[in-house]
Amino acid sequence: MPTSMQSIGAGEPTSLAVQQHDKEMARTVAMRDRMEARRDRFFNARNRTIGVDMDALSGQVAERRERDQAEAQEGADDHARQRYITMLLEQREAEEREAKRREMFDLKANWEEQAALPKGQPPKRGEPIKPHECGASALQNFAGEDHHAYDRSRLQRQQMRSWTTQQMAEKSANQDEERAEAARYAAYVKMLDARRGAMEAEEQAEAKQATKQQQLDNLFLAQQKAEAKHQDDLADRDAKALHVSNMMGDPLMCEDTGVAALGDGGVRREHFKGYSKAQIAQFYKENQQMLEEKAGAKEAEAAEEALWTSQTSHLNKMIEAHEAESAAQKRFEAMEHKAAILQQAEVEKARKKQAELDKYGSVQAGYFDGFGTSVR
């Protein structure tokens, strides 16, 4: 087997397995970081409007711990699987190296056996020819000819088929693992969404209940306040009525004003206690009559002002109409005067033109009518 094939067969599967393992570990670490960040965002107590549910958080922590342990076990199983695949590849490479070594040993023993044969004593002619045992002089082998090319190509194809099958199996296992991980992550996200939805629904129900209770408390307080106000109004009304009744029944506050009246309508000043209700009513009546008289005078004045305004407006319209008629008459006379002046100018122009034509004199049309009519 050539050196290039030996290097590929000896080192490539191990490096691919290591790279695949590193990529898998990096993907797992990145997914764990994302899930940690997502969990931190979801369960940040500072962003909540109510207290934290410790039971739910404890359950989530326990679930997270179990999931981490399962992921660690899966990583350990994957690592053990990778080590087993690497061991199989190394074992196969060792078997191929051992087969090649035995092949080279057999070839060397054959050469030594042929070198030990005596010269000039060829074997019997009846034995079949073995090209691989013949020398160069038998013309059965050519320089550079490789009799093991078919076997080596077959081994290489088998090895490539084995590597391809292993890589396909690894890729299928990785895809199954990714799908399982995606399913677990989707279930975890679904669980978080359900838990968050339940907590939000609970918060909304509590907020709704609190709002309803606040409304009931407000209604109760409003009723109490309205009842207290009604009672205060009743007490105030009763107090006012009692005060008026006391004032009206108090002899000091309600003195008799008739003791100062005299028979002739006068009053005795030393006994004057104020005007009576009839006198006060008469005063109100006289004031009302005075107000009505003032209102009537004001209305009459307003009517007279309106009449004067109407007459003034009519007179102004008549003056404006007369002025407009006079202006129109003046414009008409000016136009007639202008037309007469223009007509006179036309006549004068025609006269001057005719005079310009007649200044040299002319012969009338009948002047030559008599020529050639003589009797001679």
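Numbered by our numbering, the letters in the sequence shown go through residues 753 to 1128 in order.
We treat Cβ as the ideally placed atom computed from N, Cα and C, and that holds for glycine.
For clarity, every value in this text was computed on a predicted model and none was experimentally measured.
Note to self: Judging by CA-CA distance, which residue of Asp820, Asn1068 and Ala1107 is the nearest neighbour of tyrosine 940?
What the structure shows: Asp820
Notebook entry, point to check: Under the three-state reduction of DSSP, which class applies to phenylalanine 972: helix, strand or coil?
Noted result: helix
Next item on the list: Determine the DSSP secondary structure at serine 924, reduced to helix, strand or coil.
Entry: The DSSP-derived three-state label of serine 924 is helix.
Notebook entry, point to check: Hey, histidine 773 and aspartate 830: beta-carbon distance below 9 Å or not?
Noted result: Yes, they are a contact pair.
Item checked: Beta-carbon proximity check, asparagine 844 vs glutamine 919, cutoff 9 Å -> Contrary to the premise, residue 844 reads as arginine rather than asparagine in this sequence. No, Cβ-Cβ distance for arginine 844 and glutamine 919 is not below 9 Å.
Next item on the list: Give the single residue among Ala957, Glu848 and Leu841 whose Cα lies nearest to the Cα of aspartate 903.
Entry: Glu848
Notebook entry, point to check: Considering only C-alpha positions, which residue in the set Ala946, Glu850, Asn926 and Gln892 is nearest to glutamate 776?
Noted result: Distances from the alpha-carbon of glutamate 776 to those of Ala946, Glu850, Asn926 and Gln892 put Asn926 closest.
Item checked: Cα-Cα separation between arginine 784 and alanine 846, rounded to whole angstroms -> Answer to the nearest angstrom: the Cα atoms are 39 Å apart.
Checklist line | Straight-line gap, proline 883 to leucine 907 (C-alpha atoms, nearest Å) | finding: 23 Å
Check: Quick one: Cα of alanine 935 to Cα of glutamate 788, how far?
Finding: 17 Å
Check: Quick one: Cα of methionine 943 to Cα of arginine 913, how far?
Finding: 44 Å
Next item on the list: Output the distance between the C-alpha atoms of serine 1065 and lysine 1082, rounded to the nearest integer angstrom.
Entry: Taking the straight line joining both Cα atoms gives about 26 Å.
Item checked: For lysine 1029, the three-state DSSP class (helix, strand or coil) -> Looking at lysine 1029 - three-state DSSP - the assignment turns out to be helix.
Check: So threonine 780 packs on glutamate 815, CB below 8 Å; how close in whole Å?
Finding: That belief does not hold up - the Cβ atoms of threonine 780 and glutamate 815 are roughly 18 Å apart, past 8 Å.
Checklist line | Environment of leucine 1109 [buried if 16+ CB atoms lie within 10 Å] | finding: exposed
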